[in-house]
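Those letters in the sequence shown? Residues 41 to 132, per my numbering, in order.
Heads up, the beta-carbon is just placed ideally off N, CA and C, and yes, glycines get one too.
A quick note: this is a predicted structure, and the numbers were derived from the prediction, not measured.
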Amino acid sequence: MRMDLQLFAHKKGVGSSRNGRDSNAKRLGLKSHDGQYVSAGSIIARQRGTRIHPGLNVGIGKDDTLFAKTSGFVAFADKGKRKVASVLAQRL
């Protein structure tokens, strides 16, 4: 009595890879620095979450981007445990 035994592959074929993907950089971080002049609407910082909080004359977008509400000079300060960004009419 003779039996033909067929073995099936238990590994994926050659050339298949689960790697090879990478996401684009999101260009987060400060866009305007302390003492720098900004016009109204200028982006001060792009961030994920509120690492820096909005202060005087600074708004916050839905993606936590900080932007200047008026023209002036950027000023960063520590308020307790928080970092705060403000836009002032006069340079400090």
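Of the candidates G120, V124, K119 and D118, V124 places its Cα closest to the Cα of F107. Secondary structure note for S57: it is in no beta strand (DSSP E), with a DSSP letter that is neither H nor E. DSSP places F48 in no beta strand (DSSP E); its state is neither H nor E. Scanning its chain for C-beta atoms nearer than 6 angstroms, with the 5 sequence neighbours on each side dropped, one finds around A117 the residues V124, in chain order. Within the same chain, A80, N97 and V127 come within 7 angstroms of T110 by CB-CB distance, once the 5 residues on both sides are set aside.
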